[in-house]
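Sequential numbering from 1413 applies to the sequence shown in my numbering.
Using N, Cα and C, we set each Cβ at its ideal position, and we do this for glycine too.
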Amino acid sequence: MRPVRQFIASLALLLTAASAGAQVRSGDAVSYRDAYRAMVVFEKYGGPKNLLVSELQVLPSERGALADGLQLALTGKSTQLNLPLDPLGRTVFPLQKAAYDENATLSLSSRSGFTLRPQVSIAVRADGVYELAELRAACAQALAFLRYVDASQRARQCAAVRFVFLKRTEGGARLRRPDVPEQVLPFTAGDADEGLPAVVWRFGTGAERGQVVTIHPALAILPIFD
């Protein structure tokens, strides 16, 4: 069995391989067109995706380089945008015709080397309440998109979802079931997701009733595949 970290990374890594993700050296910039071609795959996908979000993720070549205030700069003849990054290095990718026509560039404000890749994750709810059936459905949507991108992944199955939080707080996520006392879900060990605290909910073998409730908003919810 592969490590959990590898399950989580599989979707983003496979999308990168299928969509021309680019590795850039220190001080270099990457073509907006290359990033656009990678990101537009999700936009054009015709399958169910209402429970998913797609963002551009920056992976600095130096571990721990995702400092507060780090931005991705989009620069062209008539385009100048500074895209703020969250603690996972993600940003909403702007689909702009002018930037594409001008072949604008993307560069990191720290001028260090980085990799760009799409990341598809499960949409975070403002109320922090997630029905177990909806989490399973969201994971299934992500898996269907993965199979669309790479048919060799058809043997994969949804195993779990990973809630990533900005900081460790007491009772980060709780499990609520009918006629069962509320259960605090433990934080996981390890250094996945930039070392940020996370809670994993693994799916059972049958239909489940209940909810996962986050005390504070999750930073990201990532599907995990076996």
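Does DSSP put residue i in a helix, in a strand, or in coil?
i, result
"glycine 1433", "For glycine 1433, the predicted structure reports a pLDDT of 40, less than 50, and the residue's modelled location is therefore unreliable. A value from the coordinates is still provided. If DSSP states are grouped into helix, strand and coil, glycine 1433 belongs with coil."
"glutamate 1546", "helix"
"valine 1504", "coil"
"phenylalanine 1599", "strand"
"arginine 1614", "strand"
"leucine 1427", "With a pLDDT of only 45 at leucine 1427, under 50, the local geometry of the prediction cannot be trusted, and the value read off the model is given with reservation. Leucine 1427: helix per DSSP, three-state reduction."
"serine 1564", "helix"
"alanine 1510", "helix"
"leucine 1558", "helix"
"glutamate 1594", "strand"
Answer yes or no: do residue i and residue j have a C-beta to C-beta separation smaller than 9 Å?
i, j, result
"glutamine 1483", "serine 1521", "yes"
"tyrosine 1542", "glutamine 1623", "yes"
"alanine 1556", "leucine 1463", "no"
"isoleucine 1633", "leucine 1578", "no"
"alanine 1610", "arginine 1529", "no"
"leucine 1631", "valine 1612", "no"
Which residues share a DSSP beta bridge with residue i?
i, result
"isoleucine 1633", "Ile1534, Phe1575"
"arginine 1585", "It is alanine, not arginine, that sits at residue 1585 in the sequence shown. The partner list for alanine 1585 (beta bridge, DSSP) reads Thr1626."
"cysteine 1570", "Phe1637"
"serine 1519", "Ala1485"
"valine 1465", "Ser1533"
Between the alpha carbons of residue i and residue j, how many angstroms are there, rounded?
i, j, result
"glutamine 1469", "isoleucine 1636", "18 Å"
"serine 1443", "arginine 1589", "49 Å"
"arginine 1437", "threonine 1527", "Because the pLDDT at arginine 1437 is just 42, under 50, the model does not fix this residue reliably, and the point stays unresolved."
"aspartate 1638", "glycine 1607", "22 Å"
"glutamate 1514", "serine 1473", "27 Å"
"aspartate 1591", "threonine 1487", "56 Å"
"arginine 1445", "glutamine 1508", "10 Å"
"phenylalanine 1628", "glycine 1584", "The identity of residue 1628 in the sequence shown is histidine, whereas the question assumes phenylalanine. Approximately 7 Å, taken between the alpha carbons."
"valine 1504", "arginine 1574", "20 Å"
"glutamine 1569", "glycine 1501", "27 Å"
"tyrosine 1457", "asparagine 1494", "27 Å"
"glutamate 1467", "proline 1593", "37 Å"
"glutamine 1565", "leucine 1558", "7 Å"
"arginine 1621", "alanine 1511", "47 Å"
"alanine 1567", "glycine 1616", "18 Å"
"tyrosine 1448", "alanine 1552", "25 Å"
Nearest to residue i by alpha carbon, out of the options?
i, options, result
"glutamine 1537", "Ser1443, Thr1626, Gly1459", "This sequence places arginine at residue 1537; glutamine is not what is there. For the residues Ser1443, Thr1626, Gly1459, the minimum Cα distance to arginine 1537 belongs to Thr1626."
"alanine 1545", "Ala1572, Ser1564, Glu1594, Arg1529", "Ala1572"
"alanine 1516", "Gln1569, Arg1502, Gln1492, Asp1539", "Gln1492"
"alanine 1485", "Phe1577, Lys1461, Ser1524", "Ser1524"
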